[in-house]
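A.B. asks:
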Amino acid sequence: MSATAKKTAPMPHDIMARKGHVPLVSLTAYTTPMAQVMDAHCDFVLVGDSVGMVLHGLPSTLGVTMEMMVMHGQAVSRGLSSAMMVIDMPFGSYEQSPQQAFENAAHLMAQTNAGAVKLEGGETMGETIAFLVKRGIPVMAHIGLTPQSINTLGGYKVQGRDAQADQVLADAHAVADAGAFAVVLEKIPEMLADQITNAIAIPTIGIGASVGCDGQILVVDDMLGLFTAFKAKFVKRYAHLGADAETAIAAYAAEVRSRKFPTAQHVFSTQSPTKEASK
Ligand code: KIV
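FYI, the numbering for the sequence shown is 265 to 543, going by my numbering.
#1: Can you check DSSP and say which residues form a bridge with T292?
#2: Using the Cβ count rule (16 or more neighbours within 10 Å means buried), how would you classify H336?
#3: Taking the alpha helix (DSSP H) that E544 falls in, what are its first and last residues?
#4: Would the beta-carbon of G479 fall within 7 angstroms of that of L288?
#5: What residue from M349, V334, L372, M280 has the CA that sits closest to F308's CA?
#6: With H, G and I counted as helix, E and B as strand and the rest as coil, what does DSSP make of D508?
#7: Take every Cβ of the stretch 415–426, pair it with every Cβ of the stretch 367–385, and state whether three or more of those distances are shorter than 8 angstroms.
#8: Quick one: is M317 buried, meaning 16 or more other Cβ sit within 10 Å of its Cβ, or exposed?
#9: Using the Cα positions of G386 and D430, report the straight-line distance between them to the nearest angstrom.
#10: Going along the chain, which unbroken runs of the alpha helix (DSSP H) with 4 or more residues stay wholly within the stretch 373–455?
#11: Are the beta-carbon atoms belonging to A380 and P402 less than 7 angstroms from one another?
#12: Would A512 pass as a contact of L488 if the rule is Cβ separation under 7 angstroms?
#13: From T329 to Q529, what distance separates their C-alpha atoms?
Spelled out as C-alpha cells, the structure:
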C-alpha cells in the first residue's frame, strides 16, 4: 500500500478473519466529530444504544428508539471512512420475531449505511440471527451481561459465574453456529471469556471480559471521563475530559462575570476589515 493510499473500511468477513491475530480495536460513537477522532484508530465503531444513557440522560438503554439510532447512526457514518460501522438494534425492535428483526435491521442499515447490526441475546436469538444472516444482514451478537435485559437479570451483575457458566458458553456456541460474525462478551469471568474465545470460530470482543479476547470495546464517554454518573470496574479512564470541560466552563463564567471576556481580539472594529481581521 502506498503512503497516500486510503484504507478502506473492513467488512464483516475481514473482522472474522482477525480471529486469533492482532486484537480488534473498537469504541462506541454517537456523533460525527467523535467518529472522526477515532476513525483511524478503530477497526469498527459501534453506534451503541448506550447513547440513551451517555448522551440523552436516560436511566437505562430501554428507552432508546429506532429514530434515535437512525439519527446517531447517520451522524457517525458521516465521520467514518476507514473503520466499519456497526449499529445496535434497540430494545423492542427485534425480539418479537425474525421478520420484525429483519424489517428493523434493514431499515437501520439502509438509513445509516452501517456495515452490520448488533443485537443482544444468545440461544434465544439463534433463529433470528440465522434469519438475518441468510438475508444479507451481518450480525454481531452480544452475550453475558445484556443491558436491555437488566429487569430480568436483576441489574448490571457479572454473568456466567458458577452454574451460569454453561449457559453463557451455550449462548456463545449458539450465536456462532447461527452465523454471527463476532460476539461481544460483556461482564463475564475472565476464565470463561478465555474458554469461549478458544471454543468458537468467530472473534470475541470483550468488555469486562478478558485481555485474551480477540478484541476489546469500551463506551467512548466512559474511557474519556465524559460520563461520570458511575464507573463500572471494567472501565479504564484514559482521560478526564468531563473534569477538564467543567474547569474550562468555570473559567469562562468567571471571565464573563468579571468582564475579562471578550477581549479586543474577540470583537470587531468599525473599520472595514482586512482579510485577516475578518476571520
Ligand atoms: O451500547 C453499547 O455501548 C454496547 C457496548 C457496551 C458493547 O453495547
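Just so you know, even glycine gets a beta-carbon here, dropped at the ideal spot from N, CA and C.
It should be emphasised that the depicted structure is a prediction, and the values quoted were computed from it without experimental measurement.
C.D. replies: According to the structure data:
#1: For the purposes of this step, residue 292 is taken as residue 28 along the sequence shown, with counting starting at 1. L310.
#2: The count along the sequence shown starts at 1 and reaches residue 336 at position 72. When all chains shown are included, H336 counts as buried.
#3: Here the chain has residues from 265 to 543 only, and residue 544 is not among them.
#4: As a first step, residue 479 must be located in the sequence shown, where it is residue number 215. As a first step, residue 288 must be located in the sequence shown, where it is residue number 24. Cβ distance < 7 angstroms, so G479 and L288 count as in contact.
#5: For the purposes of this step, residue 308 is identified with residue 44 of the sequence shown, where counting begins at 1. The option with the nearest alpha carbon to F308 is M349.
#6: As a position in the sequence shown, residue 508 is number 244, starting the count at 1. Helix at D508.
#7: In short, these stretches do not touch, since the Cβ pair count stays below three.
#8: One-based indexing of the sequence shown puts residue 317 at position 53. Residue burial annotation: M317 is buried, with at least 16 other C-beta atoms found within 10 angstroms of its C-beta.
#9: Reading the sequence shown from its first residue, position 122 is the one you call residue 386. Reading the sequence shown from its first residue, position 166 is the one you call residue 430. Straight-line measurement puts the Cα of D430 at about 12 angstroms from the Cα of G386.
#10: Given a length threshold of 4 residues, each whole run of the alpha helix (DSSP H) inside the stretch 373–455 is given here in chain order: 390–398, 414–417, 429–442.
#11: Here residue 380 refers to the residue found at position 116 when the sequence shown is read from its first residue. Here residue 402 refers to the residue found at position 138 when the sequence shown is read from its first residue. Yes, Cβ-Cβ distance for A380 and P402 is below 7 angstroms.
#12: Locating residue 512 in the sequence shown gives position 248, where the first residue counts as 1. Locating residue 488 in the sequence shown gives position 224, where the first residue counts as 1. Not a contact, by the Cβ cut-off of 7 angstroms.
#13: Counted from its first residue, the sequence shown places residue 329 at position 65. Counted from its first residue, the sequence shown places residue 529 at position 265. Within the model, the alpha-carbon separation for T329 versus Q529 is close to 45 angstroms.
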